[in-house]
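Student:
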Amino acid sequence: MIPGLLTWFVDRRRNLPWRRVADPYATWVSEIMLQQTRVEAVIPYFERWMARFPDVHALARASEEEVLQHWAGLGYYRRARFLHQAAFRLVKESNGELPRTSAELQKMTGVGEYTSAAIASICFDEAIPVVDGNVKRVAARFLLLDLAANDRKLHRAADEWGRGLMAQLVAADNPGQHEEIEQKSARAGALNEALMELGATICTPRSPQCALCPIRFACKAVKKDVDPADYPRSAKRTPWKVLELNLIWHQDGPLCLLQQRTEGWNPGLWEPPTVEQGIGEEICQVKHTITHHRITARVFKLRGPVSAPLTPPDAVPLTGLARKILAMCWKAC
Ligand code: SF4
Numbered sequence: 118m119i120p121g122l123l124t125w126f127v128d129r130r131r132n133l134p135w136r137r138v139a140d141p142y143a144t145w146v147s148e149i150m151l152q153q154t155r156v157e158a159v160i161p162y163f164e165r166w167m168a169r170f171p172d173v174h175a176l177a178r179a180s181e182e183e184v185l186q187h188w189a190g191l192g193y194y195r196r197a198r199f200l201h202q203a204a205f206r207l208v209k210e211s212n213g214e215l216p217r218t219s220a221e222l223q224k225m226t227g228v229g230e231y232t233s234a235a236i237a238s239i240c241f242d243e244a245i246p247v248v249d250g251n252v253k254r255v256a257a258r259f260l261l262l263d264l265a266a267n268d269r270k271l272h273r274a275a276d277e278w279g280r281g282l283m284a285q286l287v288a289a290d291n292p293g294q295h296e297e298i299e300q301k302s303a304r305a306g307a308l309n310e311a312l313m314e315l316g317a318t319i320c321t322p323r324s325p326q327c328a329l330c331p332i333r334f335a336c337k338a339v340k341k342d343v344d345p346a347d348y349p350r351s352a353k354r355t356p357w358k359v360l361e362l363n364l365i366w367h368q369d370g371p372l373c374l375l376q377q378r379t380e381g382w383n384p385g386l387w388e389p390p391t392v393e394q395g396i397g398e399e400i401c402q403v404k405h406t407i408t409h410h411r412i413t414a415r416v417f418k419l420r421g422p423v424s425a426p427l428t429p430p431d432a433v434p435l436t437g438l439a440r441k442i443l444a445m446c447w448k449a450c
């Protein structure tokens with residue numbers, strides 16, 4: 118066990134809304150929201166979500182459109198659909214109860230290795246490690262691993278390290294062995310959260326604060342006097358693709374012309390229609406990035422009457438690009 122880590126976590130952990138409730142559903146929702154999204158960005162979404170869908174039953178009863186509306190802005194909308202589908206199945210098969218082991222949790226739609234381990238350890242005290250980007254970074258520095266951030270070997274090494282720590286945690290479940298893990302909150306979930314918290318707040322990507330780190334005395338990066346910021350090594354990035362789109366804008370009072378996407382990214386979400394070639398007056402250009410694409414959207418104002426039905430934009434889930442266009446064009450028209 119790394120001395121001091123759990124004590125540090127118990128004393129210093131951030132007061133996050135999903136940590137204030139002992140509810141597997143809340144942990145599940147927060148873990149799904151936190152994938153690829155910063156904690157600060159997730160907090161208001163989580164609070165709104167829990168106010169509207171306070172339990173699995175409320176989520177299962179909601180329409181997909183309403184679920185997507187509460188997700189709009191978080192991106193990667195498949196996550197919201199999977200939450201919704203899984204809630205529906207849980208209500209049908211287990212009266213809304215979440216499974217209690219990582220193996221069973223992985224049978225839920227959209228719950229993979231990471232999320233299942235997080236829920237099982239935090240809510241049900243299963244001694245299984247969680248490996249996210251923060252844990253990988255701490256492991257790369259603590260163990261001084263000359264590996265790239267996206268190298269599968271780093272994931273395996275961090276997982277192995279975590280399993281070793283978990284084994285020590287279980288073995289030390291004897292009073293008197295390790296002072297810090299005798300505390301009530303010092304269990305499997307706390308160990309996982311401690312490592313993730315350390316990576317998020319102290320062992321940060323660019324400026325690790327080793328002087329404040331509770332595990333610095335055992336850290337190889339410190340012992341070998343290397344710059345921890347050089348670890349893990351830089352990942353090879355997927356090159357960006359450049360995409361140019363033409364969209365049309367038409368507004369009539371509080372309504373505007375929107376279309377529901379049926380394919381490509383963000384199916385089910387709404388945005389102004391795309392056209393092959395620009396028509397009418399170009400009113401703005403909007404830059405947007407999504408999954409390795411850099412998009413430049415040219416927006417053209419459509420004049421004259423429109424036969425297609427118009428939609429109040431706050432009644433439907435919008436794509437990120439649509440929200441940017443709306444912010445610019447709503448003022449301009
Ligand atoms: S001592 Fe520094 S490099 Fe090592 S784990 Fe702590 S913050 Fe990271």
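Once you know that position 220 of the sequence shown is 337 in the working numbering, the rest is easy, because the numbers rise by one and skip nothing.
From the three backbone atoms N, C-alpha and C, an ideal C-beta is built for every residue, glycine too.
Source: prediction; values computed, not measured.
Measure from the alpha carbon of Thr154 to the alpha carbon of each residue in Asn132, Lys341, Tyr193, then state which is nearest.
Tutor: Tyr193
Student: Counting by C-beta, which residues lie closer than 7 Å to a heavy atom of ligand 1, in chain order?
Tutor: Val255, Arg258, Phe259, Leu315, Ile319, Cys320, Pro325, Gln326, Cys327, Cys330, Ile332, Arg333, Cys336, Ala338, Val339, Pro345
Student: Put Phe205 into one of helix, strand or coil per three-state DSSP.
Tutor: helix
Student: To the nearest whole angstrom, what separates the beta carbons of Ala189 and Leu435, a pair I think is in contact under 8 Å?
Tutor: 6 Å
Student: Applying the 10 Å Cβ sphere with the 16-neighbour rule, what's the burial state of Gly316?
Tutor: buried
Student: Rounded to a whole number of angstroms, what is the C-alpha to C-alpha distance between Pro138 and Arg354?
Tutor: Contrary to the premise, residue 138 reads as Val rather than Pro in this sequence. Cα-Cα distance, rounded: 38 Å.
Student: By the DSSP assignment, the alpha helix (DSSP H) with Gln402 in it spans what residues?
Tutor: In the DSSP assignment, Gln402 falls outside any alpha helix (DSSP H) and lies within the beta strand (DSSP E) extending over 398–407.
Student: Are the region 414–432 and the region 358–372 touching by the rule of at least three beta carbon pairs closer than 8 Å?
Tutor: Taking a contact to require three or more Cβ pairs closer than 8 Å, the region 414–432 and the region 358–372 qualify as touching.
Student: Provide the residue span of the beta strand (DSSP E) that contains Ile412, from first to last.
Tutor: If you look at Ile412, you'll find it in the beta strand (DSSP E) that goes 410–418.
Student: Cutting at 7 Å between CB atoms, please list the residues of its own chain near Phe163, excluding the five before and the five after it.
Tutor: Pro134, Trp135, Val146, Ser147, Met150
Student: To the nearest angstrom, how far is it from the Cα of Lys341 to the Cα of Gly306?
Tutor: 31 Å
Student: Taking C-beta to C-beta, are Cys446 and Ile400 nearer than 8 Å?
Tutor: yes
Student: Which ranges does the alpha helix (DSSP H) cover as unbroken runs of at least 4 residues, wholly within the region 227–287, from first to last along the chain?
Tutor: Fully enclosed alpha helix (DSSP H) runs of 4 or longer: 230–241, 250–259.
Student: Is it buried or exposed, Lys253, if we count other Cβ atoms within 10 angstroms and call 16 or more buried?
Tutor: buried
Student: Is Leu360 buried or exposed, if buried means 16 or more other CB atoms sit within 10 Å of its CB?
Tutor: exposed
Student: Could you compute how far the alpha carbon of Leu443 sits from the alpha carbon of Ala168?
Tutor: 27 Å
Student: For the region 307–327 against the region 230–240, do three or more pairs of beta-carbon atoms, one drawn from each stretch, fall closer than 8 Å, so that the two count as touching?
Tutor: yes
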